[in-house]
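**Student:** If you scroll down you'll find the structure; I have some questions about it.
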DNA sequence: CGCTTTTATGCGGTTATTTGCATTTTAGTG
DNA sequence: CACTAAAATGCAAATAACCGCATAAAAGCG
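Shown next, in the form of structure tokens:
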């Protein structure tokens, strides 16, 4: 029985325990902190309101650790992404060194490369590595490191350092937001350095962005938008949305 | 029998298992989670209503059967390998550092680890990394390098060097041949150094070998057989075949 | 310090979920 | 068509969640 004086302290301990164990059981917490289950329930619903955990019958669970894994994420846009990927893949030429970042869109690119492309691909995604294994003439370099289970990529310092060992012809970014002034943004802090490395180690920098990501802003700024050399997006996007990017010299392709 | 306190937690685990194994059997789940089949059925229909799986007579299937790729080389031995993998997975304990080499058998181990195992796994196989991503409490370290498309692993000098940075509790080898005198052998020269590294950086060394690989000799010698601490093989293997290994102090398990 | 206000907590009563069991219905199989 | 296993249904017990309300400690204040 742990003695806790501050209610807020108790809640923070509960969050830590959630991260450690992956679940919280109301009855156990009540025992553990020596307070009634009502109090625990109140704590949990407060934390749930704050968006820090998911309330379930009997306790709480993490928001979505690997619940909605990656390859099941918006399947609805599958057709669109496939179109974009096809357009993206037409940018690569034989004998290039290609960097491919993580993300559902970039994985789609890996599946849509020309079947007899002769090239070397460097990737941080095990899924992309598997897709590429089907190509007879593509050399695959897998960048190692700790796997981020949410995004299914290696995105730690080791991976970033490894990326900096390459000087690529072209790279494909999976980005969370692209805005003319704010720039390229990401929802994951740990990916920021990695994406920066991808951009800096590559001649051409291609972002394949679905319509909803154009003009979107995610919490973490990766780089100014003029670092991109190509943007590939949907046909339906109006020209005035694209004009600012074109004005910066970015080649915008609609597929 | 996994103890689950939260109903919602059980459902999420079922979803993860579905993604790992590609199917769910109601009767098995009932056994596994220690609840009645009624409860399992209710869980499944709830998940089906939420559009997370497809309900079928006797259990459930993924919505998109071909979404999670099945790179299984020989499906014929699937059942056997699954048995061996289950026996192998019982050797791991919580909080261990585990090395897993490449191969179809070792991939099967990755799919059959205890569902709530808390451990760190180092692997050279992107496929294994993907399988492990379904485990909430397993930390995955992907060893990078050039991908060997035949075996779907990284097996170059870079990968070998990286493996040598770890001191693991246990490692699982995918081997091509095990012979009492000739030792552990491989059909791929480039894998030899890597497998040696796996053996040397690990306390326990486990080889899961189907019957046809016992006594088999492949072209390249990796290490003497006494480097193994455990051999896991099929039930049908006669005792006289296993005696030489046991005489060397290797623990032989038949599953 | 006295006083009020806010916050945190526990308790009783009620409602909602979950679960297992018995029974009936349906689906798969030869 | 008959047999078996799985699914659906109704029901009751156990447990968790919810709703006020009372109490008490903490905080704010003249």
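Protein chains in written order, with the numbering used here: chain A, 6 to 260; chain B, 6 to 260.
Beta carbons: idealized from backbone N, C-alpha and C, even for Gly.
Hey, how far is the Cα of residue 238 of chain B from the Cα of residue 245 of chain B?
**Tutor:** If you number the second chain from 1, residue 238 of chain B lands on position 233. If you number the second chain from 1, residue 245 of chain B lands on position 240. Each residue's alpha carbon lies about 14 angstroms from the other.
**Student:** Can you tell me whether DSSP reads residue 99 of chain A as helix, strand or coil?
**Tutor:** By one-based count along the first chain, residue 99 of chain A stands at place 94. Three-state DSSP puts residue 99 of chain A in coil, outside helix and strand.
**Student:** Starting from residue 144 of chain B and walking both ways along the alpha helix (DSSP H), at which residues does that stretch end?
**Tutor:** Along the second chain, one-based indexing puts residue 144 of chain B at 139. First-last for residue 144 of chain B: 143-147, but that is the beta strand (DSSP E), not the alpha helix (DSSP H).
**Student:** Looking at the unbroken alpha helix (DSSP H) that takes in residue 85 of chain A, where does it start and where does it end?
**Tutor:** For the purposes of this step, residue 85 of chain A is identified with residue 80 of the first chain, where counting begins at 1. Run containing residue 85 of chain A: 83-94, per the alpha helix (DSSP H) assignment.
**Student:** Quick one, which of B:241, B:228, B:198 has its alpha-carbon nearest residue 216 of chain B's?
**Tutor:** Counting from 1 along the second chain, the entry for residue 216 of chain B is found at position 211. Of the listed residues, the one whose Cα sits closest to residue 216 of chain B is B:241.
**Student:** Can you list, in chain order, the stretches of the alpha helix (DSSP H) that have 4 or more residues and sit fully within the stretch 206-231 of chain B?
**Tutor:** Those alpha helix (DSSP H) runs which fall completely within the stretch 206-231 of chain B and span 4+ residues do not exist here.
**Student:** What number of angstroms, rounded off, separates the C-alpha of residue 96 of chain A from the C-alpha of residue 159 of chain A?
**Tutor:** Position 91 of the first chain holds residue 96 of chain A. Position 154 of the first chain holds residue 159 of chain A. Going from the Cα of residue 96 of chain A to the Cα of residue 159 of chain A covers about 25 angstroms.
**Student:** Could you tell me which of A:26, A:25, A:20 sits nearest to residue 51 of chain A, measuring between CA atoms?
**Tutor:** By 1-based counting over the first chain, the position of residue 51 of chain A is 46. It is A:20.
**Student:** CB-CB under 6 angstroms to residue 86 of chain A, same chain, minus the five flanking residues each way: which ones, in chain order?
**Tutor:** Taking the first chain and counting its residues from 1, one reaches residue 86 of chain A at position 81. Same-chain partners within the cutoff: 110, 113.
**Student:** So, helix, strand or coil for residue 161 of chain B, using DSSP?
**Tutor:** Counted from its first residue, the second chain places residue 161 of chain B at position 156. The answer is coil: DSSP assigns residue 161 of chain B none of H, G, I, E or B.
**Student:** So is residue 238 of chain A in contact with chain B if we call contact Cβ pairs under 8 angstroms?
**Tutor:** Residue 238 of chain A sits at position 233 when you count from the first residue of the first chain. By this cut-off, residue 238 of chain A is not an interface position.
**Student:** Ignoring anything shorter than 4 residues or poking outside the stretch 19-75 of chain B, list the alpha helix (DSSP H) runs there in chain order.
**Tutor:** Those alpha helix (DSSP H) runs which fall completely within the stretch 19-75 of chain B and span 4+ residues are 31-38, 42-54.
**Student:** Taking 8 angstroms as the threshold, find out whether the stretch 148-164 of chain A comes into contact with the stretch 114-126 of chain A through three or more Cβ pairs.
**Tutor:** In short, these stretches do not touch, since the Cβ pair count stays below three.
**Student:** Per DSSP, what are the beta-bridge partners of residue 256 of chain A in this structure?
**Tutor:** As a working mapping, residue 256 of chain A is identified with position 251 in the first chain. Per DSSP, A:235.
**Student:** So with Cβ pairs under 8 angstroms, would you call residue 142 of chain B a contact of chain A?
**Tutor:** Along the second chain, one-based indexing puts residue 142 of chain B at 137. Yes, residue 142 of chain B lies at the interface with chain A (some Cβ there is under 8 angstroms from its Cβ).
**Student:** Per DSSP, what kind of secondary structure is residue 249 of chain A in: helix, strand or coil?
**Tutor:** Translated into positions along the first chain, residue 249 of chain A becomes position 244. If DSSP states are grouped into helix, strand and coil, residue 249 of chain A belongs with the helices.
**Student:** Measuring only the C-alpha atoms, how far is residue 197 of chain A from residue 186 of chain B?
**Tutor:** Here residue 197 of chain A refers to the residue found at position 192 when the first chain is read from its first residue. Here residue 186 of chain B refers to the residue found at position 181 when the second chain is read from its first residue. Cα-Cα distance, rounded: 53 angstroms.
**Student:** I need the DSSP call for residue 138 of chain A, collapsed to helix, strand or coil.
**Tutor:** Working through the first chain from its first residue, we reach residue 138 of chain A at position 133. Looking at residue 138 of chain A - three-state DSSP - the assignment turns out to be coil, as it is neither helix nor strand.
**Student:** Whose C-beta lies closer than 7 angstroms to the C-beta of residue 38 of chain A among residues of the same chain, with five residues either side of it excluded?
**Tutor:** For the purposes of this step, residue 38 of chain A is identified with residue 33 of the first chain, where counting begins at 1. Counting only Cβ-Cβ distances below 7 angstroms, and skipping sequence neighbours, we find 7, 9, 15.
**Student:** Taking 8 angstroms as the CB-CB cut-off, is residue 167 of chain B touching chain A?
**Tutor:** Within the second chain, numbered from 1, the residue matching residue 167 of chain B stands at position 162. Yes - at least one Cβ of chain A is within 8 angstroms of the one on residue 167 of chain B.
**Student:** Taking beta-carbon pairs under 7 angstroms, can you tell me which members of the stretch 146-162 of chain A lie near chain B?
**Tutor:** Taking 7 angstroms as the Cβ-Cβ cut-off against chain B, the residues of the stretch 146-162 of chain A that qualify are 146, 147, 148, 149, 150, 151, 152, 154, 157, 159.
**Student:** Considering only the alpha carbon of each residue, which of B:243, B:205, B:235, B:63 lies closest to residue 227 of chain B?
**Tutor:** Mapped onto the second chain, residue 227 of chain B falls at position 222. Residue B:205 is the option with its Cα nearest to residue 227 of chain B.
**Student:** Does DSSP put residue 125 of chain B in a helix, a strand or coil?
**Tutor:** Counting from one through the second chain, the residue named residue 125 of chain B turns up at place 120. Residue 125 of chain B falls in the strand class under three-state DSSP.
**Student:** For residue 178 of chain A, which beta-bridge partners are listed by DSSP?
**Tutor:** Taking the first residue of the first chain as position 1, residue 178 of chain A is located at position 173. The partner list for residue 178 of chain A (beta bridge, DSSP) reads A:212.
**Student:** So what's residue 8 of chain A in DSSP terms, helix, strand or just coil?
**Tutor:** In the first chain, the residue the question calls residue 8 of chain A occupies position 3. Three-state result, residue 8 of chain A: coil.
**Student:** Measure the beta-carbon distance from residue 173 of chain A to residue 102 of chain A and round it to whole angstroms, keeping in mind my assumption that it falls under 8 angstroms.
**Tutor:** For the purposes of this step, residue 173 of chain A is taken as residue 168 along the first chain, with counting starting at 1. For the purposes of this step, residue 102 of chain A is taken as residue 97 along the first chain, with counting starting at 1. Right, their Cβ atoms sit about 4 angstroms apart.
**Student:** At the level of alpha carbons, what is the spacing between residue 72 of chain B and residue 132 of chain A?
**Tutor:** Here residue 72 of chain B refers to the residue found at position 67 when the second chain is read from its first residue. Here residue 132 of chain A refers to the residue found at position 127 when the first chain is read from its first residue. The predicted model places residue 72 of chain B with a pLDDT of 46, which falls under 50 and marks its position as unreliable; any figure quoted below should be read in that light. Whole-angstrom Cα-Cα distance: 12 angstroms.
**Student:** Could you pull the start and end residues of the beta strand (DSSP E) that residue 190 of chain B belongs to?
**Tutor:** Residue mapping note: residue 190 of chain B aligns to position 185 of the second chain, counting from 1. Segment 188-191, the beta strand (DSSP E) holding residue 190 of chain B.
**Student:** Among B:40, B:17, B:105, B:194, whose alpha-carbon lies nearest the alpha-carbon of residue 161 of chain B?
**Tutor:** Here residue 161 of chain B is taken as the residue at index 156 of the second chain, counted from 1. Answer by Cα proximity: B:194.
**Student:** Let's test the definition: count the other Cβ atoms within 10 Å of the Cβ of residue 248 of chain B and tell me whether it reaches 16, buried, or not, exposed.
**Tutor:** Against the second chain, residue 248 of chain B aligns to sequence position 243. So residue 248 of chain B counts as exposed.
**Student:** Quick one, are the C-beta atoms of residue 115 of chain A and residue 105 of chain A less than 8 angstroms apart?
**Tutor:** Position 110 of the first chain holds residue 115 of chain A. Position 100 of the first chain holds residue 105 of chain A. Yes, the Cβ-Cβ distance between residue 115 of chain A and residue 105 of chain A is below 8 angstroms.
**Student:** With distances taken from CA atoms, which of B:243, B:223, B:250, B:180 is nearest residue 108 of chain B?
**Tutor:** The residue labelled residue 108 of chain B in the question sits at position 103 within the second chain. Nearest option by C-alpha distance: B:180.
**Student:** If we count the other Cβ atoms within 10 Å of its Cβ and call it buried at 16 or more, is residue 90 of chain B buried or exposed?
**Tutor:** As a first step, residue 90 of chain B is located in the second chain; it is residue number 85 there, counting from the start. Classification for residue 90 of chain B: buried.
**Student:** Could you check what DSSP says for residue 15 of chain B in three-state terms: helix, strand or coil?
**Tutor:** Start at 1 with the first residue of the second chain, and residue 15 of chain B comes out as number 10. In the structure shown, residue 15 of chain B sits in a helix (DSSP, three-state: H, G or I).
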